[in-house]
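Each residue of the sequence shown is one higher than the last, beginning at 155 in my numbering.
From the three backbone atoms N, C-alpha and C, an ideal C-beta is built for every residue, glycine too.
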Amino acid sequence: MNNKKSAKKHSLRNDIILITAVILAAVIGLIYLNFFRSPGDSVTVTVDGEVYGVYPLSRDICEDIYSGSNNENHNRFVIKDGKAFMETATCPDGICVGHKSIFRNGESIVCLPNRVVITVTLGEKTDSPDVII
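The structure is reproduced here in structure tokens:
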């Protein structure tokens, strides 16, 4: 009987250690994603998997995007003060409109019903070699 209590205590301690480690890893990951990713310099817009356009984050832009077989879908994205956001969309859920502004490399806003994806990217650097031998 005493052996079962010891095993339960050992198991509980291991569970607490595992949960603490997972939470710690998640917090470190969130800190990295929010504070250490570099800002991008442009936004790539794709519609239905095809590149629609590439826009610099350094200029304020308001762009209307029409998609669908008869251009029945409409999205308007805005770049203002170095951040991009979806201003309006004809999709039924509007999740893309409620998304926070994006400006860091790799961040994206997705309007799944209209198949529009806005992704922040870094420009290509020409002063560094592609391959080092």
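Item to check | Exposure label - residue 178; buried when at least 16 CB within 10 Å | outcome: exposed
Checklist entry - Among 237, 232, 239, 271, which residue has its Cα nearest to the Cα of residue 203? => result 271
Checklist entry - In the structure shown, what three-state DSSP assignment does residue 244 receive? => result coil
Checklist entry - What are the start and end residues of the beta strand (DSSP E) that includes residue 207? => result 204-210
Checklist entry - Helix, strand or coil: how does DSSP classify residue 218 here? => result strand
Item to check | Whole-angstrom distance between residue 187 and residue 282, CA atom to CA atom | outcome: For residue 282, the predicted model reports a pLDDT of 47, less than 50, meaning its position is unreliable and no value from the coordinates is stated.
Checklist entry - Counting pairs of Cβ atoms below 8 angstroms between the segment 231-243 and the segment 161-175, do you hit three or more? => result no
Checklist entry - Do you know whose CA, among 237, 181, 223, lies nearest residue 261's CA? => result 237
Item to check | For residue 231: DSSP bridge partner residues | outcome: 217, 240
Checklist entry - Among residues of its own chain, excluding the 5 on either side of residue 275, which ones have a beta-carbon nearer than 6 angstroms to its beta-carbon? => result 194, 196, 198
Checklist entry - If residue 184 sits next to residue 257, beta carbons under 8 angstroms apart, how far is it from one beta carbon to the other, in whole angstroms? => result That belief does not hold up - the Cβ atoms of residue 184 and residue 257 are roughly 17 angstroms apart, past 8 angstroms.
Checklist entry - Between residue 264 and residue 245, is the Cβ-Cβ spacing less than 8 angstroms? => result no
Checklist entry - Do residue 239 and residue 255 have their C-beta atoms closer together than 8 angstroms? => result yes
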